[in-house]
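Engineer: Once you've had a glance at the structure underneath, I'll fire off some questions.
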Amino acid sequence: MEASSWLGLALVALVTWGAAGIFLKVATQNISAGSSLVWLIAGFALLEPLLWPGGTLLGYSLGSVLVALAAGFLNAVGFSALLAAMRNGGKASVVVPMTALYPILVVIAAPLVLNESLTLAQGAGVACGLGAVVLLST
Numbered sequence: 005m006e007a008s009s010w011l012g013l014a015l016v017a018l019v020t021w022g023a024a025g026i027f028l029k030v031a032t033q034n035i036s037a038g039s040s041l042v043w044l045i046a047g048f049a050l051l052e053p054l055l056w057p058g059g060t061l062l063g064y065s066l067g068s069v070l071v072a073l074a075a076g077f078l079n080a081v082g083f084s085a086l087l088a089a090m091r092n093g094g095k096a097s098v099v100v101p102m103t104a105l106y107p108i109l110v111v112i113a114a115p116l117v118l119n120e121s122l123t124l125a126q127g128a129g130v131a132c133g134l135g136a137v138v139l140l141s142t
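In our numbering, each residue's number is its place in the sequence shown (first place is 1) plus 4.
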């Protein structure tokens with residue numbers, strides 16, 4: 005896969021999630037983590053008309069819909085924990101990068117769940133990420 009097909013989108017995610025980390029910290033200084041989550045979801049809803057592919061939701065298999073719902077549920081739990089961590093005094097400069105290391109779990113689980121291979125370089129990346137967690141938490 006060529007980097008040009010995904011790199012720009014990945015950079016958009018990097019920049020917008022970086023900015024969101026600052027906004028989330030400011031929000032949790034002024035309102036509860038639960039209220040922040042509600043407004044975060046409202047922000048998703050504002051973007052929905054641009055992302056909706058049209059058609060009907062009934063055209064998808066039940067299994068696909070349930071997996072997507074589970075992913076949404078897990079994201080909501082994760083965002084709630086992130087917001088609560090910042091609301092309870094966590095520094096954005098520590099909490100956001102630490103929680104952004106979640107891909108480490110994907111790299112570890114992918115060989116077991118998705119039958120993907122793990123390279124030595126990816127294993128080294130996981131080790132570096134775990135080292136980052138230790139360094140960030142000190």
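Idealized CB from N, CA, C, for every residue including glycine.
In this text the structure is predicted, and so the values were computed from the model without any measurement.
Please say whether residue 87 and residue 20 have beta carbons closer to each other than 8 Å?
Structural biologist: no
Engineer: If you pair each beta-carbon of the segment 22–37 with each one of the segment 62–70, do three or more pairs fall below 8 Å?
Structural biologist: Contact between the segment 22–37 and the segment 62–70 is absent, because fewer than three Cβ pairs lie under 8 Å.
Engineer: May I have the straight-line CA-CA distance separating residue 112 from residue 122, to the nearest angstrom?
Structural biologist: It is roughly 8 Å from the alpha-carbon of residue 112 to the alpha-carbon of residue 122.
Engineer: Quick one: Cα of residue 10 to Cα of residue 23, how far?
Structural biologist: 20 Å
Engineer: Quick check on residue 95: buried or exposed, where buried means 16 or more other Cβ atoms within 10 Å of its Cβ?
Structural biologist: exposed
Engineer: For the segment 69–113, list the beta strand (DSSP E) runs that are entirely contained and at least 3 residues long, ordered along the chain.
Structural biologist: none
Engineer: Between the Cα of residue 92 and the Cα atoms of 38, 109, 18, 17, which residue gives the shortest distance?
Structural biologist: 38
Engineer: Work out the CA separation of residue 46 and residue 148 for me, nearest whole Å.
Structural biologist: Given a span of 5 to 142 for the chain in the structure shown, any question on residue 148 remains unanswerable.
Engineer: For residue 144, count neighbouring C-beta atoms within 10 Å of its own C-beta (all shown protein chains included) and say buried if the count is 16 or more, exposed if not.
Structural biologist: Because the chain is modelled from 5 through 142, residue 144 falls outside the range shown and cannot be assessed.
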